[in-house]
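One structure below.
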Amino acid sequence: MTGPHRPRKRVRPFAAALTSAALALSCAVLAAPGTGEPEALPQKRGRDKLDVDYARDIHANTTDPAFLSEWVDHLPSSRKVPSPKAFLGYSIGSPGVLTQPERINDYFRALAKSSDRVQVFSMGKSHGGREMIVAAIGSRRNLGRLDEIKARNRELADPRLTDEDRAKAIAADTPPIYWMTAGLHSPETGSPEMVMELAYRLAVSEQDHIREIRDNVVVLITPVLEMDGRARMVDWYYRHLTKVTDLHDSPPRMAPYWGDYTAHDNNRDGLQQTQALTRNYTETFHEFLPIISLDLHESVPLMYVSTGTGPYNESIDPITVTEWQWIAGYE
Ligand SMILES: [Zn+2]
Numbered sequence: 001m002t003g004p005h006r007p008r009k010r011v012r013p014f015a016a017a018l019t020s021a022a023l024a025l026s027c028a029v030l031a032a033p034g035t036g037e038p039e040a041l042p043q044k045r046g047r048d049k050l051d052v053d054y055a056r057d058i059h060a061n062t063t064d065p066a067f068l069s070e071w072v073d074h075l076p077s078s079r080k081v082p083s084p085k086a087f088l089g090y091s092i093g094s095p096g097v098l099t100q101p102e103r104i105n106d107y108f109r110a111l112a113k114s115s116d117r118v119q120v121f122s123m124g125k126s127h128g129g130r131e132m133i134v135a136a137i138g139s140r141r142n143l144g145r146l147d148e149i150k151a152r153n154r155e156l157a158d159p160r161l162t163d164e165d166r167a168k169a170i171a172a173d174t175p176p177i178y179w180m181t182a183g184l185h186s187p188e189t190g191s192p193e194m195v196m197e198l199a200y201r202l203a204v205s206e207q208d209h210i211r212e213i214r215d216n217v218v219v220l221i222t223p224v225l226e227m228d229g230r231a232r233m234v235d236w237y238y239r240h241l242t243k244v245t246d247l248h249d250s251p252p253r254m255a256p257y258w259g260d261y262t263a264h265d266n267n268r269d270g271l272q273q274t275q276a277l278t279r280n281y282t283e284t285f286h287e288f289l290p291i292i293s294l295d296l297h298e299s300v301p302l303m304y305v306s307t308g309t310g311p312y313n314e315s316i317d318p319i320t321v322t323e324w325q326w327i328a329g330y331e
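Going by my numbering, the sequence shown opens with residue 1, and the numbers climb by one from there.
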């Protein structure tokens, strides 16, 4: 969706509420030296006991306190569900660390094994033979209804089967599915890391805003869409980039090809369906029929307001279209 981007060496996620009933969206931010540790880290937040060691890492690895909203300045602790650090050995966003895609999938399977609020399904294999997954996170009740929810979404999607009254009845009593996909563009390295921590928060926290999400939404997370490209990018990072300090005199920042035949334009393959990852995505989309699909990208730090050259909706004033282009060029 966006132009080529620099891989980011150090990331620290933050999240924000969409609405009281909706979902945490997340973005990655560049981090360099940490904000330092506050004098006393809290042991408790609402009903959650906190993982103070992890919170110490969060503060150490975040560049500016402005990034530390109350959503992400702490991590709940759990006796039975492994935190990212308990599983991987490091906190998400630690400097100089990227996680191989199979390891990320392993973490989601560990969440599913230890929590009845997480289930993991296979989406099929990538071109390179790596398994793609989708994790479902929600209340035990909603996950128990997953097949029913999918069947209702199929009804909703087909007006030949479903009249307006039935559609309203379904909407009133069916939690929407919100599918978040990460790691389509391999040098945009933050999102596959971030979603591990987000999944843990969603599965473990007992705070009201997280319970509200679990009770009212089924969250799907695909942590890595481009499994082959992620593997190459992590190898590239460790081989060429970890010691780079001069960004003006450094090796190329990304592997030239992500799959055997594709690179950045894998996000345009929705039209042609030439790649296994695209076909797996499309089949999974039609299986779950999510109400919202969110593909997490990284980009340069400006608002991306326009792309392409049309055709545009003819009911939109051409002056408005011209202004989009102007803003896109100068913003
Ligand atoms: Zn992108």
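Note that beta-carbon positions come from the ideal geometry of N, C-alpha and C, so glycine has one too.
When distances are taken from the beta-carbon of Glu226 to the heavy atoms of ligand 1, even the shortest one reaches 7 Å or more.
Taking 8 Å as the upper bound for CB-CB distance, Glu131 and Leu184 are not in contact here, some 16 Å apart. Taking the C-beta atoms as reference points, Ile137 is found nearer than 8 Å to Val118. Only residues of its own chain outside the window of five on either side were considered, and among them Gly310 and Tyr312 have a CB closer than 8 Å to the CB of Val321, listed in chain order. Under DSSP, Ser122 shares a beta bridge with Ile133. Judged by beta-carbon spacing, Tyr90 lies within the 8 Å limit of Val97, meaning their Cβ atoms are closer than that value.
Boundaries cannot be given for Leu50, as no alpha helix (DSSP H) includes it and DSSP labels it neither H nor E. With a threshold of 7 Å, the Cβ atom of Glu206 does not count as near ligand 1, since no heavy atom of the ligand is closer than that. Using a Cβ distance threshold of 8 Å, Pro176 and Asn142 do not count as a contacting pair.
In the structure shown, Met254 falls within a coil segment according to DSSP collapsed to helix, strand and coil. Set against 7 Å, the gap from the CB of Glu193 to the closest heavy atom of ligand 1 is not smaller.
DSSP lists Lys49 as the bridge partner or partners of Lys44.
Around Val52, the same chain offers Leu41 as residues with beta carbons nearer than 6 Å, after the five sequence neighbours per side are excluded.
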